[in-house]
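See structure below.
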Amino acid sequence: MNKPPDMTQMSLYAKREPVFNRRIDGKFRRIKWAIMALCLAVYWVTPWLRWDRGAYAPDQAVLIDLAHRRFYMFGIEIWPHEFYFVAGLLIMAGIGLFLVTSAVGRAWCGYACPQTVWTDLFQHVDRLIDGDRNARMRLYKAPWGPAKIVRRLVKWAIYLAISLATGGAWIYYFADAPTLWAQFWNGTADPVAYATVATLTATTFVLGGFMREQVCVYMCPWPRIQTAMTDEKSLTVTYKDFRGEPRASLKKSQKAPGAFGDCIDCNQCVAVCPTGIDIRQGPQVGCITCALCIDACDRVMKDIGRPRGLIDYATLEDAEREKAGQPPTRHLRLIWRPRTIAYLVVWAGIGLALLFALGTRVHTGLTVAKDRNPPYILMSDGSVRNAYTLRLRNMESRPRTMEIAIEGLSGAKMWTDDSARTDAARTLTRKVPADATQPLRVYVVAPAATAGQDFAFRITAEGNARETAKSETTFDTPQEATQ
Amino acid sequence: MAENHKGAGRLDEATNTETVGHEWDGIEELNTPLPRWWLWTFYACIVFALGYSVVYPAWPMLSSATQGTLGWTSRGELDKDMKQAAAARAKTVAALADMPIEELPRHPELMRAAVAGGAAAFKINCVQCHGAGAAGFKGFPNLNDDDWLWGGDLRTIETTLLHGIRQPGDEATRQSIMPSFGTDGLLTAAQIDAVAGHVLSLSGKARPNAEGAKLFADNCAVCHGPAGKGSRQFGAPNLTDAIWLDGGTKDDVVAQISKPHMGVMPAWAGRLDPVTIKMLAAYVHSLGGGEQAPPPAPQPEPQPEP
Numbered sequence: 088m089n090k091p092p093d094m095t096q097m098s099l100y101a102k103r104e105p106v107f108n109r110r111i112d113g114k115f116r117r118i119k120w121a122i123m124a125l126c127l128a129v130y131w132v133t134p135w136l137r138w139d140r141g142a143y144a145p146d147q148a149v150l151i152d153l154a155h156r157r158f159y160m161f162g163i164e165i166w167p168h169e170f171y172f173v174a175g176l177l178i179m180a181g182i183g184l185f186l187v188t189s190a191v192g193r194a195w196c197g198y199a200c201p202q203t204v205w206t207d208l209f210q211h212v213d214r215l216i217d218g219d220r221n222a223r224m225r226l227y228k229a230p231w232g233p234a235k236i237v238r239r240l241v242k243w244a245i246y247l248a249i250s251l252a253t254g255g256a257w258i259y260y261f262a263d264a265p266t267l268w269a270q271f272w273n274g275t276a277d278p279v280a281y282a283t284v285a286t287l288t289a290t291t292f293v294l295g296g297f298m299r300e301q302v303c304v305y306m307c308p309w310p311r312i313q314t315a316m317t318d319e320k321s322l323t324v325t326y327k328d329f330r331g332e333p334r335a336s337l338k339k340s341q342k343a344p345g346a347f348g349d350c351i352d353c354n355q356c357v358a359v360c361p362t363g364i365d366i367r368q369g370p371q372v373g374c375i376t377c378a379l380c381i382d383a384c385d386r387v388m389k390d391i392g393r394p395r396g397l398i399d400y401a402t403l404e405d406a407e408r409e410k411a412g413q414p415p416t417r418h419l420r421l422i423w424r425p426r427t428i429a430y431l432v433v434w435a436g437i438g439l440a441l442l443f444a445l446g447t448r449v450h451t452g453l454t455v456a457k458d459r460n461p462p463y464i465l466m467s468d469g470s471v472r473n474a475y476t477l478r479l480r481n482m483e484s485r486p487r488t489m490e491i492a493i494e495g496l497s498g499a500k501m502w503t504d505d506s507a508r509t510d511a512a513r514t515l516t517r518k519v520p521a522d523a524t525q526p527l528r529v530y531v532v533a534p535a536a537t538a539g540q541d542f543a544f545r546i547t548a549e550g551n552a553r554e555t556a557k558s559e560t561t562f563d564t565p566q567e568a569t570q
Numbered sequence: 005m006a007e008n009h010k011g012a013g014r015l016d017e018a019t020n021t022e023t024v025g026h027e028w029d030g031i032e033e034l035n036t037p038l039p040r041w042w043l044w045t046f047y048a049c050i051v052f053a054l055g056y057s058v059v060y061p062a063w064p065m066l067s068s069a070t071q072g073t074l075g076w077t078s079r080g081e082l083d084k085d086m087k088q089a090a091a092a093r094a095k096t097v098a099a100l101a102d103m104p105i106e107e108l109p110r111h112p113e114l115m116r117a118a119v120a121g122g123a124a125a126f127k128i129n130c131v132q133c134h135g136a137g138a139a140g141f142k143g144f145p146n147l148n149d150d151d152w153l154w155g156g157d158l159r160t161i162e163t164t165l166l167h168g169i170r171q172p173g174d175e176a177t178r179q180s181i182m183p184s185f186g187t188d189g190l191l192t193a194a195q196i197d198a199v200a201g202h203v204l205s206l207s208g209k210a211r212p213n214a215e216g217a218k219l220f221a222d223n224c225a226v227c228h229g230p231a232g233k234g235s236r237q238f239g240a241p242n243l244t245d246a247i248w249l250d251g252g253t254k255d256d257v258v259a260q261i262s263k264p265h266m267g268v269m270p271a272w273a274g275r276l277d278p279v280t281i282k283m284l285a286a287y288v289h290s291l292g293g294g295e296q297a298p299p300p301a302p303q304p305e306p307q308p309e310p
């Protein structure tokens with residue numbers, strides 16, 4: 088068929104164009120190095136930090152102890168019922184991303200996203216083994232031979248080592264790191280640990296080593312969401328076309344000064360791009376705003392003696408202003424606008440609320456489950472007994488004595504399954520182990536003719552009036568039924 | 005209208021896709037094969053299914069299905085699970101078997117295990133009469149309270165469980181008979197009414213009457229005691245307390261004197277193994293009315309709580 092191709096004949100599938108990004112040094116590259124070092128260090132070092140919590144709690148600074156349902160973060164210990172703290176942190180992380188996006192565009196994508204950090208790392212491995220852009224392109228096109236095979240195997244082995252270190256480090260957040268380290272290497276760790284390491288190693292190997300920018304372009308929802316969140320006031324990596332166009336080679340533009348723009352079409356911005364895009368086509372989903380093209384272009388501009396910033400961080404609005412001949416606004420001033428301030432206020436508000444809740448929370452808890460079958464027991468002296476299962480919660484890392492008291496229900500006394508009715512009283516004390524919940528079966532007996540009514544149990548830890556908890560419940564009697 | 009067979013491999017103009025070569029009244033079918041990944045998954049499933057049907061029971065035959073080369077059965081699986089559970093409990097069960105029940109309170113771990121095991125056995129064997137909450141019904145005792153006909157310490161409860169109450173054929177069963185004062189003509193209806201009045205007066209539910217008191221002393225005090233406080237020796241209920249096994253109204257008491265209802269509890273020795281019975285005793289004892297072992301001399305009168 089010699090018809091011209093139309094839309095119906097175009098394939099929806101586009102084969103990946105491999106990216107061979109050139110090495111570049113510059114301001115933003117150095118920022119990327121620093122952030123990469125920081126992110127990787129935080130990831131690998133955190134589980135090994137120790138934090139003394141006394142004899143009754145683990146000494147790992149950050150520990151998500153799923154087996155015992157505790158979450159430790161330095162001085163903070165969170166129980167499952169306080170999971171709203173984690174929810175709050177996640178909400179803060181979400182709003183923090185909104186804040187960063189509205190202020191500095193896709194800075195998360197460009198600098199801190201794990202996919203970016205590890206892709207960057209793997210691309211440096213490429214450079215180390217195969218050489219810079221041109222050497223890598225040559226090797227890619229070269230037929231398979233012993234030299235290529237050896238280079239590929241060495242490179243993949245390094246990929247695998249990095250992936251193993253990445254996947255392997257994850258599990259230490261969930262168990263005592265030194266113990267699990269020993270168990271992991273002598274084969275006695277839980278199968279879940281091995282499965283987790285294997286899965287994360289595989290995903291790091293594939294996503295960082297091979298998928299790379301395809302994850303950002305095709306798999307990640309975040310760029311799409313960010314597209315909706317950025318506007319003409321968001322900082323983004325911008326090619327100032329009004330300054331660059333029309334393009335011409337250096338020679339040509341020197342022959343006819345004034346006829347051409349500053350862009351000499353050297354393609355350095357494309358060569359250094361880790362996602363293989365051409366920024367001169369404008370903002371696009373493939374641009375993670377890593378700013379390496381700014382470094383590349385600035386260097387070229389410096390070499391040919393033209394002012395820097397042909398490609399630069401700018402808002403669309405500011406670029407328009409610059410195009411009209413006005414001076415650009417300073418970046419720091421661009422960041423402060425109602426939207427970013429609103430996000431900051433919400434973000435900080437949630438943070439302060441969480442801190443307040445954390446500072447004022449009580450480390451004592453009580454839940455009461457009343458026996459419903461039978462609801463009450465008539466005793467031989469005519470009095471009425473109800474049974475309850477109390478759960479005394481001690482969230483502190485030391486055993487505490489707790490006083491349990493009946494509030495209301497006049498004339499009632501209680502005893503427990505480990506004492507006798509002759510010891511019955513309005514209050515009793517129990518020692519609750521450190522960092523634990525202790526069940527206690529309590530019998531409450533009220534004099535004959537007591538009407539069914541509501542009352543409460545209250546526990547107080549070690550006489551500290553602030554460390555107290557109350558739980559409402561009901562007392563059933565036969566009187567209620569005959570009323 | 006189609007006359008000719010256009011042949012496979014012709015490209016459809018609109019979609020640039022091959023046709024399969026058939027045509028029906030001008031309608032042709034495009035050749036869009038299944039995605040390869042789907043096809044390979046499908047083939048892999050077939051291979052898996054073939055292997056599965058050989059290794060596991062699969063094909064229905066006349067009387068049963070094919071057995072499968074692994075010999076797997078769901079019954080076998082259950083059996084394995086049950087054996088595993090039994091093995092997990094074996095140590096506790098052995099310890100319970102060796103321990104006299106009086107010593108159980110000194111071993112809180114074992115006691116907890118016994119109570120938990122007893123709770124499970126209770127739901128299977130006892131709830132039919134005593135109810136799921138062990139609160140009983142009219143005529144069937146509430147096991148939560150502090151009123152015991154035969155005694156409420158661990159050993160006594162175990163004995164009651166082992167030999168039952170009024171269990172025919174068990175030598176050691178708890179045996180007591182209350183005469184049918186009405187239907188056997190031992191007392192007249194008026195006399196029964198008077199006695200019932202006296203009985204109710206013991207717990208303040210009726211006014212005392214001299215005739216009833218005298219009749220009670222003559223006919224009832226033998227078992228129930230002169231004060232009506234009952235006797236655990238005969239399983240005679242305490243008539244002065246608030247708990248009425250067969251009802252506490254005048255009519256209930258009259259009926260019980262005329263033609264008493266006397267409950268039967270089966271002897272569980274032989275039906276349940278000794279460890280389960282021990283566990284049941286521990287559970288019943290734990291329900292809130294359990295008494296401590298009595299001092300060596302038998303207590304003549306029941307008491308609310310030790």
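Protein chains in written order, with this note's numbering: chain R, 88 to 570; chain A, 5 to 310.
C-beta: ideal position from N, C-alpha, C; glycine also.
Exercise. Residues of the segment 443-467 of chain R with a CB closer than 7 Å to any CB of chain A: list them in chain order, please.
Key: From the segment 443-467 of chain R, only N460, P461, I464, L465, M466 and S467 have a Cβ closer than 7 Å to chain A.
Exercise. Would you mind listing the alpha helix (DSSP H) stretches within the segment 55-102 of chain A that are 4+ residues and don't spill past its ends, in chain order?
Key: List check, alpha helix (DSSP H) in window: 78-102.
Quiz prompt | Cβ shell of I356(R) (< 8 Å), same chain only, five flanking positions each side left out | solution = Numbered from 1 along the first sequence, position 269 holds the residue referred to as residue 356(R). Here the sequence assigns Cys to residue 356(R), which means Ile is not the residue at that position. Excluding positions up to five away in sequence, the list reads Y326, D365, I366, R367, C380, A383, C384 and I398.
Self-check item: Segments assigned alpha helix (DSSP H), at least 4 residues, entirely inside the segment 227-265 of chain A
Solution: List check, alpha helix (DSSP H) in window: 254-262.
Quiz item: Among the residues of its own chain, which have a CB less than 7 Å from the CB of D174(A), if the five just before and after it don't count?
Solution: Taking the second sequence and counting its residues from 1, the one referred to as residue 174(A) is at position 170. Around D174(A): H167, G168 and A271.
Quiz item: What residue range is occupied by the uninterrupted alpha helix (DSSP H) comprising V529(R)?
Solution: By 1-based counting over the first sequence, the position of residue 529(R) is 442. Premise fails: V529(R) lies in the beta strand (DSSP E), A523 to A533, not in any alpha helix (DSSP H).
Quiz item: Quick one, which residues of the segment 230-250 of chain A are near chain R if we go by CB-CB under 8 Å, in chain order?
Solution: Going along the segment 230-250 of chain A in chain order, one finds N242, D245, A246 and I247 with a Cβ nearer than 8 Å to chain R.
Practice problem: Quick one: grab the DSSP three-state call for L479(R). | Solution: Looking up residue 479(R) in the first sequence gives position 392. Of the three classes helix, strand and coil, the one that applies to L479(R) here is strand, per DSSP.
Quiz item: Between R485(R) and Y143(R), which are expected to be in contact by the criterion C-beta below 8 Å, what is the C-beta distance as a whole number of angstroms?
Solution: For the purposes of this step, residue 485(R) is identified with residue 398 of the first sequence, where counting begins at 1. For the purposes of this step, residue 143(R) is identified with residue 56 of the first sequence, where counting begins at 1. Correct: roughly 6 Å between the Cβ atoms.
Quiz item: Whose C-alpha, out of W28(A), E22(A) and I281(A), is nearest the C-alpha of L158(A)?
Solution: Here residue 158(A) corresponds to residue number 154 of the second sequence, with the count starting at 1. The residue with the shortest Cα to Cα distance from L158(A) is I281(A).
Practice problem: Pick helix, strand or coil for Q147(R), following the three-state DSSP scheme. | Solution: Reading the first sequence from its first residue, position 60 is the one you call residue 147(R). Strand.
Quiz item: Whose C-alpha, out of Y530(R), N551(R), G550(R) and A548(R), is nearest the C-alpha of D563(R)?
Solution: Mapped onto the first sequence, residue 563(R) falls at position 476. Selected option, being the one with the closest Cα: Y530(R).
Exercise. Kindly identify the DSSP beta-bridge partner or partners of Y198(R).
Key: Here residue 198(R) refers to the residue found at position 111 when the first sequence is read from its first residue. Y198(R) pairs with nothing; no bridge assigned.
Quiz item: Shortest alpha-carbon distance to L127(R) belongs to which of G446(R), R299(R) and T206(R)?
Solution: Mapped onto the first sequence, residue 127(R) falls at position 40. Comparing C-alpha distances from L127(R) to each of G446(R), R299(R) and T206(R) shows the shortest one belongs to T206(R).
Quiz item: For the 8 Å Cβ check, are there 3 or more pairs between the segment 191-207 of chain R and the segment 370-377 of chain R?
Solution: Short answer: they touch.
Quiz item: Is it right to say Q132(A) is buried, meaning 16 or more other beta carbons lie within 10 angstroms of its own, or is it exposed?
Solution: The residue you call residue 132(A) lines up with position 128 of the second sequence. With fewer than 16 other beta carbons inside 10 angstroms of its own, Q132(A) counts as exposed.
Quiz prompt | Strand pairing of E22(A), partner residues [DSSP] | solution = Within the second sequence, numbered from 1, the residue matching residue 22(A) stands at position 18. Its beta-bridge partners are L15(A).
Quiz prompt | Short-range partners of chain R found in the segment 149-169 of chain A, where Cβ spacing is below 8 Å | solution = The residues in question are D149, D150 and D151.
Practice problem: Kindly indicate which residue of W268(R), I493(R), R408(R) and D504(R) has the alpha-carbon position closest to the one of N148(A). | Solution: Counting from 1 along the second sequence, the entry for residue 148(A) is found at position 144. Of the candidates W268(R), I493(R), R408(R) and D504(R), D504(R) places its Cα closest to the Cα of N148(A).
Quiz item: Does P298(A) come within less than 8 Å of chain R when only Cβ atoms are used?
Solution: Counting from one through the second sequence, the residue named residue 298(A) turns up at place 294. Chain R, which has no Cβ nearer than 8 Å to the Cβ of P298(A), makes this no.
Quiz item: Whose C-beta lies closer than 8 Å to the C-beta of V24(A) among residues of the same chain, with five residues either side of it excluded?
Solution: Residue mapping note: residue 24(A) aligns to position 20 of the second sequence, counting from 1. Annotation for V24(A): A12, E32, E33, L34 and N35 place their beta carbon closer than 8 Å to its own, counting only its chain and skipping 5 residues before and after.
Quiz item: What span of residues does the alpha helix (DSSP H) with A234(R) cover, start to end?
Solution: Reading the first sequence from its first residue, position 147 is the one you call residue 234(R). Counting along the chain, the alpha helix (DSSP H) containing A234(R) begins and ends at P233 to W257.
Practice problem: Could you tell me the distance, in whole angstroms, from the CA atom of P298(A) to the CA atom of D85(A)? | Solution: Here residue 298(A) corresponds to residue number 294 of the second sequence, with the count starting at 1. Here residue 85(A) corresponds to residue number 81 of the second sequence, with the count starting at 1. For the pair P298(A) and D85(A), the Cα-to-Cα distance works out to about 42 Å.
Quiz prompt | Outcome for C350(R) when other beta-carbon atoms lying within 10 angstroms are tallied against a minimum of 16 | solution = Start at 1 with the first residue of the first sequence, and residue 350(R) comes out as number 263. Buried, since its Cβ has 16 or more Cβ neighbours within 10 Å.
Quiz item: So is A315(R) in contact with chain A if we call contact Cβ pairs under 8 Å?
Solution: The residue given as residue 315(R) occupies position 228 in the first sequence. In terms of beta-carbon proximity, A315(R) stays away from the interface with chain A, with every pair separated by 8 Å or more.
Practice problem: Kindly provide the ranges of any beta strand (DSSP E) runs that are 3 or more residues long and lie completely inside the segment 108-149 of chain R, ordered along the chain. | Solution: Counting only runs of 3 or more, we get nothing.
Quiz item: Quick one, are the C-beta atoms of P167(R) and V149(R) less than 8 Å apart?
Solution: Sequence index remark: in the first sequence, residue 167(R) carries index 80 (1-based). Sequence index remark: in the first sequence, residue 149(R) carries index 62 (1-based). Their beta carbons are not under 8 Å apart, which means P167(R) does not touch V149(R) by this criterion.
Quiz item: On the three-pair Cβ rule with 8 Å, is the segment 458-466 of chain R touching the segment 436-448 of chain R?
Solution: The segment 458-466 of chain R, when compared against the segment 436-448 of chain R, does not touch it at the 8 Å Cβ threshold.
Quiz prompt | Alpha-carbon spacing of Q341(R) relative to R393(R), whole angstroms | solution = The residue you call residue 341(R) lines up with position 254 of the first sequence. The residue you call residue 393(R) lines up with position 306 of the first sequence. Distance between the alpha carbons of Q341(R) and R393(R) is about 12 Å.
Quiz prompt | Nearest residue (CA-CA) to A511(R), options R517(R), D390(R), M501(R) and K235(R) | solution = Locating residue 511(R) in the first sequence gives position 424, counting from the first residue. For the residues R517(R), D390(R), M501(R) and K235(R), the minimum Cα distance to A511(R) belongs to M501(R).
Self-check item: Residue interval of the alpha helix (DSSP H) (run including A2(A))
Solution: Residue 2(A) is absent from the structure shown; chain A starts at 5 and stops at 310.
Practice problem: Could you give the DSSP three-state label for F271(R): helix, strand or coil? | Solution: One-based indexing of the first sequence puts residue 271(R) at position 184. F271(R) falls in the helix class under three-state DSSP.
Self-check item: Cβ-based neighbour list, Y130(R), same chain, cut-off 7 Å, excluding 5 preceding and 5 following
Solution: To locate residue 130(R), count along the first sequence from 1; it is residue 43. In chain order, A256 place their CB closer than 7 Å to the CB of Y130(R), counting only its own chain and leaving out the 5 sequence neighbours on each side.
Quiz item: Quick one: what's K500(R) bridged to in DSSP?
Solution: Along the first sequence, read from residue 1 onward, the residue named residue 500(R) stands at position 413. According to DSSP, which records beta bridges pairwise, K500(R) is partnered with V532(R).
Quiz prompt | CB of H85(R) within 8 Å of CB of M489(R), strictly | solution = The first residue shown for chain R is 88 and the last is 570, placing residue 85(R) beyond what the model contains.
Quiz item: Mapping DSSP to helix, strand and coil, what is S558(R)?
Solution: As a first step, residue 558(R) must be located in the first sequence, where it is residue number 471. Strand at S558(R).
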